[in-house]
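When you read off a place in the sequence shown, starting at 1, and then add 503, the result is the number in the numbering used here. Quick reminder that beta carbons are idealized off the backbone N, C-alpha and C, glycines included. Data block below; observations after.
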Amino acid sequence: MSTIQHAGTASIGDLTVYRMGYGAMQLAGPGVFGPPKDRVEAIAVLRAAVEAGVNHIDTSDFYGPHITNQLIKEALHPYSDDLVIVTKISAKRDDEGAWLPAMSPDELTSAVHDNLRNLGVDAIDVVNFRSMHGLHGPAEGSIEEQLTVLADLQRKGLIKHIGLSNVTPTQIAEGRKICDIVCVQNQYNLAQRDDDGLIDELAADGIPFVPFFPLGGFSPLQSETLSDVAKRLEASPMQVALAWLLQRSPNILLIPGTSSRDHLSQNLTAAKLELPADAIAELDGIAGQAQATT
């Protein structure tokens with residue numbers, strides 16, 4: 504059994520993936536903009552992930568922009584039959600790298616074609632619509648127009664499955680009236696647990712929840728409790744944080760990102776880290792500690 508098989512599998516629509524995947528965002532340059540600092544290492548990381556058994560890669564054509572998809576194509580094309588590539592659309596970058604909404608029908612359609620071209624595929628396994636009603640977190644606003652566009656592209660055979668990102672429960676309910684929603688991708692980790700209730704609701708409906716920034720993102724998780732638990736278990740804090748997510752709910756799929764093969768190996772090893780009940784109880788308190796300091 505490979506390391507990541509310890510975490511088991513889950514289904515995204517009719518696609519089966521290991522629960523420990525890989526996020527390609529960090530392969531772009533600083534601020535997810537421009538080329539990587541080490542292109543050779545970026546290619547090596549992607550190949551190492553797949554060699555380790557990863558069959559769920561998360562990306563977007565607005566990473567770079569275009570950079571991560573081009574790297575994925577260079578490193579892994581032609582893709583193995585079991586590799587599931589999930590992308591997201593609805594944003595673009597300006598010349599300075601700022602994130603801008605790109606949610607018009609024409610922009611969404613163009614983004615799908617950009618992903619198809621840069622990944623080198625005829626159809627995309629999963630396209631997540633990332634709501635840009637809120638840039639730094641979910642905000643209410645209708646997503647009917649945008650999902651209607653994606654559903655039409657799905658009927659044309661350009662998209663196999665549709666998911667949602669950076670969304671509220673209301674938007675998820677709206678989306679499910681338009682098309683099948685096969686996954687939801689929101690920010691969630693040990694310290695940021697606004698979606699606790701949503702995760703459980705999605706689990707009851709058999710819909711995967713894919714936390715982005717599972718390790719804190721641009722501000723890595725820092726917690727004395729996390730460090731203490733990790734030291735006791737002879738693991739790294741990041742491994743413990745990932746293991747906690749895997750044990751939080753069986754519908755959680757992980758996509759931790761890195762541009763280093765060493766860090767990749769450390770992240771994947773979290774798939775076989777079993778947290779005892781007392782450690783989980785301590786870790787569950789971190790969210791309250793984080794709120795108390797904000």
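Secondary structure remark: continuous alpha helix (DSSP H) runs of at least 4 residues inside the region 538 to 590, in chain order: 542 to 554 and 570 to 579. Secondary structure within the region 617 to 653: the beta strand (DSSP E) runs of 3 or more consecutive residues, fully enclosed, are 627 to 633 (chain order).
Boundaries for Val732: no beta strand (DSSP E) harbours it, while the alpha helix (DSSP H) harbouring it runs Glu727 to Leu736, taken from the DSSP string. Minimum Cα-Cα distance from Pro568 among the listed residues Ala555, Val553 and Lys591 corresponds to Lys591.
Taking C-beta atoms as the reference points, Ala513 and Thr519 count as a pair closer than 9 Å.
Nearest in C-alpha terms to Gly719, of all of Gln750, Arg679 and Thr761, is Thr761.
Counting of Cβ neighbours within 10 angstroms places Lys595 among the buried residues, the total reaching 16 or more. Taken atom to atom, the span from the alpha-carbon of Val615 to that of Gln508 is near 31 Å. Proximity to Glu704 across Pro604, Pro672 and Ala782 peaks at Pro672, based on C-alpha coordinates. Residue pairing by DSSP places Arg596 opposite Trp602 in a beta bridge. Ala746: not part of any beta strand (DSSP E); member of the alpha helix (DSSP H) spanning Pro740 to Arg751, first to last residue. In the three-state DSSP reduction, Ile515 falls in the strand class (E or B). Looking at the DSSP output, His766 bridges to nothing.
Taking a cut-off of 8 Å on C-beta distances, the region 618 to 627 does not touch the region 639 to 653, as fewer than three cross pairs fall below it. For Ile783, the uninterrupted alpha helix (DSSP H) segment begins and ends at Ala780 to Asp787.
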